[in-house]
Amino acid sequence: VTNAWGAAIGYSRAVRAGNFVAVSGTSAAGPGGAVCPGDAEGQTREVLSRIAAALAEVGAALEDVVETRVFLKRMDDWEAVGRAHGAVFRDLRPATTLLQAGALIADDLLVEIAATAVVAS
Numbered sequence: 837v838t839n840a841w842g843a844a845i846g847y848s849r850a851v852r853a854g855n856f857v858a859v860s861g862t863s864a865a866g867p868g869g870a871v872c873p874g875d876a877e878g879q880t881r882e883v884l885s886r887i888a889a890a891l892a893e894v895g896a897a898l899e900d901v902v903e904t905r906v907f908l909k910r911m912d913d914w915e916a917v918g919r920a921h922g923a924v925f926r927d928l929r930p931a932t933t934l935l936q937a938g939a940l941i942a943d944d945l946l947v948e949i950a951a952t953a954v955v956a957s
């Protein structure tokens, strides 16, 4: 699975190798700028929706996610991002790293998330 940036830079949105799935860092970038500008929780919902779609394209699902890595522009957004992440992964509880990355690829992006999944045999 790839996108326009993936084609230009040389990466895939999601790669499956056997039962292992790696999902690249995913943001809420849109053609006219960030989806939900200024809203970290809204951007996180969008990001997780995009991750779910990428997983589905390689035969996996959010239920298969074992780890997420959350990169924030501002640490002050951690609670808003955590609410959206918790709403999706509440009972699944993947291992998670949350850190302030500072600058993301575009100024209006507040959060980027990468994920790892393992699909049951």
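Counting in the numbering used here, the sequence shown runs from 837 upward without gaps. Glycine included, every Cβ here is placed at the ideal spot set by N, Cα and C. As the structure is a prediction and not an experimental result, all values here were calculated from the model.
Check	Outcome
Cβ separation of Glu903 and Ala951, assumed to be a contact under 8 Å, to the nearest whole Å	7 Å
Option nearest Val955 by Cα separation, candidates Phe856, Gly878, Gly861	Phe856
For Arg919: DSSP bridge partner residues	Partner(s): none; Arg919 has no beta bridge.
Span separating the alpha-carbon of Gln879 from that of Leu940	13 Å
Segment limits, alpha helix (DSSP H) that includes Ile887	876-893
Ser860, buried or exposed, once every other Cβ within 10 Å from all chains shown has been counted against 16	buried
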